[in-house]
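Q: The structure follows.
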């Protein structure tokens, strides 16, 4: 059931382009932005031009729920999922 919820939330995300370099494209989902004081929590997506490898499993995108503390210039990761296709399609 949890897997189905995660997969359906990927399909509903409205990813906004936040920039790119030679190896990856970065997106964020504005619908997930939650701000409390100087702290912002949101989902963002790293979309890679070449497959990455973690413990023998290849992935083309990484979807991350992070919290950014703008005053302290710190961040922490709450959740991340790796996907075999670009734009967070097909999850392991």
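Numbering (the working numbering), first residue to last: -7 to 84.
Heads up, the beta-carbon is just placed ideally off N, CA and C, and yes, glycines get one too.
1) Could you check what DSSP says for residue 47 in three-state terms: helix, strand or coil?
2) Can you tell which of 64, 62, 27 and 44 has its C-alpha closest to the C-alpha of residue 73?
3) So, with DSSP's three-state summary, where would you put residue 65?
4) How many Å lie between residue 15 and residue 37 at the Cα?
5) Between residue -6 and the rest of its own chain, which residues show a CB-CB distance below 7 Å, the 5 nearest in sequence each way excluded?
A: This is what the structure gives:
1) Counting from 1 along the chain shown, the entry for residue 47 is found at position 55. DSSP places residue 47 in coil when its eight states are reduced to three.
2) Locating residue 73 in the chain shown gives position 81, where the first residue counts as 1. Measuring from the Cα of residue 73, the nearest candidate turns out to be 44.
3) In the chain shown, the residue the question calls residue 65 occupies position 73. The answer is coil: DSSP assigns residue 65 none of H, G, I, E or B.
4) Within the chain shown, numbered from 1, the residue matching residue 15 stands at position 23. Within the chain shown, numbered from 1, the residue matching residue 37 stands at position 45. If you take the alpha carbons of residue 15 and residue 37, they lie about 13 Å apart.
5) If you number the chain shown from 1, residue -6 lands on position 2. Note that residue -6 scores a pLDDT of 40, beneath 50, so its modelled location is shaky; the value from the coordinates is reported in the next line. Result list for residue -6: empty, nothing under 7 Å.
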